[in-house]
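For the protein sequence lines, the chains are A and C, in the order given.
The opening position of the first sequence corresponds to residue 1 in UniProt numbering, with each subsequent residue numbered one higher.
The opening position of the second sequence corresponds to residue 1 in UniProt numbering, with each subsequent residue numbered one higher.
Ideal placement from N, C-alpha and C gives every residue a C-beta, glycine not left out.
These notes are about the structure you will find just below.
Protein chains: 2
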Amino acid sequence: MAAVTLQDVAVRAGVSQATASRVLNGSSRIPGEGVADRVRTAARELGYVPNAQAQALARASTGLLGLIVHDIADPYFSSIARGVQAAARTARKQVLLASTERDYDIERESVSTFIAHRADAIVLAGSRQSGHLDRDLEAEFGRYQDNGGRVVVIGQPLAFGSAVEPENHSASGELANALVAAGHTQFAIIGGPGSIRTAVDRRNGFVEALGRCGLTPLVEVSGDFTRDGGFSAARRLAAALQLHPDAGGPPTCVFAVTDVMAIGAIAAWRGLGLQVPRDVCIAGFDDIPTLRDHTPSLSTVALPLEQIGARAIELALCSDIDGLRERVAGQVVLRDSTKLP
Amino acid sequence: MAAVTLQDVAVRAGVSQATASRVLNGSSRIPGEGVADRVRTAARELGYVPNAQAQALARASTGLLGLIVHDIADPYFSSIARGVQAAARTARKQVLLASTERDYDIERESVSTFIAHRADAIVLAGSRQSGHLDRDLEAEFGRYQDNGGRVVVIGQPLAFGSAVEPENHSASGELANALVAAGHTQFAIIGGPGSIRTAVDRRNGFVEALGRCGLTPLVEVSGDFTRDGGFSAARRLAAALQLHPDAGGPPTCVFAVTDVMAIGAIAAWRGLGLQVPRDVCIAGFDDIPTLRDHTPSLSTVALPLEQIGARAIELALCSDIDGLRERVAGQVVLRDSTKLP
DNA sequence: CTGAAAGCGCTTACAG
DNA sequence: CTGAAAGCGCTTACAG
């Protein structure tokens, strides 16, 4: 019933536990080849699998990395998770995953549990209320870091830890400029929750760039950071702008702060008989891989999501620099959804 | 530097370590309220976080669940992962995630590592070579189960452990029937890797049902279980069938064994000037959420992916039944991509 | 109800 | 190079 133990291996090989340990786990002290062989053989014959929990306790390092996302089924986060996985593997670490369903209580719990499991580092993906972090959470993170834990945040710098930050503000500014350069003159916005930093930055970057061109959005609506959030916001927008199929005239260009919301918006409009880009244009943000084959193809700001995830792990693992903010550029990609006749 | 220890809490509360342990972790032996309060206060003041590694060692249970998927960025797997997460949370377990990039060496490594971490259960999602499992892997799993570890497989029953199996064969048969009933008379297949059980079952279920209707696929091609696999297979198919835009006549109806491949196929055909469903029809399998807004909307077999993930965890956690095979039905959904004029 | 003590499975100075 | 022993931070019979 009980798993094979290092002691079992040592006995069978006729050596001490210490020696078995040194053979099986690349210690600097290398035992003689004859002994080493006996130990390895014994381990193989017995099917020995080291107990990582015991190792962690003895070594004071678990080799565990905690990743917290809002929703693992959201392609934005699953792409980041893929990058995290890849980087973790090359660093020979394991990843503990938590998907919070955008519930802050669950998030707090997850952080506590990861700390309890003594994860070497915790990566928080998915931004929250700007700057604000739960008091308890903050205290816990503080102690965690004092004990050598590393924290890295994606997209929402905290007062502590390191961060990988997409350049939301400037990139959506560039998107606005590109759209204006393409001939668009009327704009509207589908924003995200006002409490979420990423949503606010993207909206502001876009609107401010428009302003520098002497333009102002005709309407702004907002919704959740989800497909359904985009869908319902788009209906309100259509009403506000009195959008009609085949109304003629230059279509208004809408900026949705995420691709997923943009997709929901297009679906909503289609339900109203409106065609993109003929009746209304739209651009998103993120460049979600699964959406590359969408029709019409979506103008957006491409973010290297996998790289972002991988980079977060790398920051978490190089212990020398703390408090680092690493900025990641986005790339404007104009496709059919903003094409003017 | 070192984290606060149970001993620290005990000292501050003026009790023994045993008592502190009993207060902080719902033991059946409940200490007096006065004492309990002192302990809790001390723990709070010190910011005590129990060391899960030490607890695991002492309790011989880690509260860890291992999930292994082919690719966490693939919506099929991320949906399953979401269900796994949800079920794990209600069971108060943590999930260890591995994304293998469809590399069997990585998969073997992940299994070993999960076993080393003494995960209470391991869920393998994503089918592999039918029936075949690496010899070493099998031996390792055997010992793991002997030691009380549970293994659950999604979509590919092994010789051991439990399984959650989508009814691939019968569901694709129903899809074929529905398509025939809808008036389709000419069929073709885009299959997956011949070594993968899921791909084979879906293909066979479809072809056999066609056979019962007195029909045979005109052509079969195959590719990887990915968007690109579907893309390139679709080009070969177009050549084989000599598909031309606006050729007239009833369009051939293609069955792609996954939605993701179907999307790739549609993109490939669009590049050739072919329109779905006018020039060629297509149905997929899975009903990926992110693809619900695709144009044309995709006929498919809907699988309750999240439920499947959740169910796998439940099976893993109810220790009484082993070797259980739980079948999950798929539901045929006909949409625009197979619509006849 | 409470405590002293053994034990979970490893690692790692410290001696030899 | 190798081993005896302490220690990592908890839990849990076993006494009291």
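Residue i in three-state terms, based on DSSP
i	result
E101 (chain C)	coil
Q156 (chain A)	coil
A52 (chain C)	helix
S130 (chain A)	Only weak support exists for where S130 (chain A) lies, its pLDDT of 49 falling under 50; the coordinates are left without a value.
G34 (chain A)	helix
G66 (chain C)	strand
R202 (chain A)	helix
A163 (chain A)	strand
T300 (chain C)	strand
V221 (chain C)	strand
D71 (chain C)	coil
A262 (chain A)	helix
A125 (chain C)	strand
P289 (chain A)	helix
D246 (chain A)	coil
V4 (chain C)	coil
V15 (chain C)	coil
G214 (chain C)	coil
T295 (chain A)	coil
L25 (chain A)	In the sequence under discussion, the amino acid at residue 25 (chain A) is Asn, which differs from the Leu named in the question. Three-state DSSP puts N25 (chain A) in coil, outside helix and strand.
H117 (chain C)	coil
P182 (chain A)	Residue 182 (chain A) is actually Ala in this sequence, not Pro. If DSSP states are grouped into helix, strand and coil, A182 (chain A) belongs with coil.
T226 (chain C)	coil
G309 (chain C)	helix
Cβ separation of residue i and residue j, assumed to be a contact under 8 Å, to the nearest whole Å
i	j	result
F206 (chain A)	M261 (chain A)	Not really, about 14 Å apart at Cβ, beyond 8 Å.
A238 (chain C)	W269 (chain C)	6 Å
T295 (chain C)	P75 (chain C)	Not quite, the Cβ-Cβ distance comes to about 17 Å (not below 8 Å), so this is no contact.
P166 (chain A)	G330 (chain A)	6 Å
S316 (chain C)	L97 (chain C)	Reading the sequence as shown, one finds Ala at residue 316 (chain C) and not Ser. Between L97 (chain C) and A316 (chain C) the Cβ distance is about 15 Å, and since that is not below 8 Å, they are no contact.
A36 (chain C)	V23 (chain C)	5 Å
E306 (chain C)	G83 (chain C)	4 Å
R311 (chain C)	V164 (chain C)	5 Å
T100 (chain A)	S110 (chain A)	6 Å
Residues bridged to residue i (per DSSP)
i	result
S112 (chain C)	Bridge partners of S112 (chain C): none, in fact.
F187 (chain A)	A:C253
Q331 (chain C)	C:A302
A280 (chain A)	Note that residue 280 (chain A) corresponds to Val in the displayed sequence, not to Ala. For V280 (chain A), which the question treats as bridged, DSSP gives the partners A:T252.
Q94 (chain A)	A:L64
V151 (chain C)	C:I122
R325 (chain A)	A:A163
Neighbour-count burial assignment, residue i, 16 or more Cβ in a 10 Å radius
i	result
N25 (chain A)	exposed
S337 (chain C)	buried
M1 (chain A)	Confidence at M1 (chain A) is low in this model, with a pLDDT of 43, below 50, so the placement of that residue is unreliable and no value is reported for it.
R92 (chain C)	exposed
C281 (chain A)	buried
A60 (chain C)	exposed
residue 353 (chain A)	Lying outside 1 to 341, the shown extent of chain A, residue 353 (chain A) is not represented and no answer is given.
D146 (chain C)	exposed
P341 (chain C)	exposed
R327 (chain C)	exposed
P245 (chain C)	exposed
R325 (chain C)	exposed
P50 (chain C)	buried
S195 (chain A)	exposed
R212 (chain C)	exposed
Q7 (chain C)	exposed
T258 (chain A)	buried
Heavy atom of the ligand ATP within 7 Å of residue i beta-carbon
i	result
G14 (chain C)	Absent from the structure shown: the ligand ATP. Ligands present: none.
Segment contact flag, the segment 282-291 of chain A with the segment 75-86 of chain A, C-beta cutoff 8 Å, min 3 pairs: Taking 8 Å as the limit for Cβ pairs, the verdict is that the segment 75-86 of chain A does touch the segment 282-291 of chain A.
Cβ contact (3+ pairs, closer than 8 Å) linking the segment 209-226 of chain C and the segment 176-189 of chain C: Contact between the segment 209-226 of chain C and the segment 176-189 of chain C is present, because at least three Cβ pairs lie under 8 Å.
Stretch pair the segment 102-117 of chain C + the segment 8-23 of chain A: three plus CB contacts closer than 8 Å: Output reads no: the segment 8-23 of chain A does not touch the segment 102-117 of chain C.
Any 3 or more C-beta pairs closer than 8 Å across the segment 111-121 of chain A and the segment 146-160 of chain A: Output reads yes: the segment 146-160 of chain A touches the segment 111-121 of chain A.
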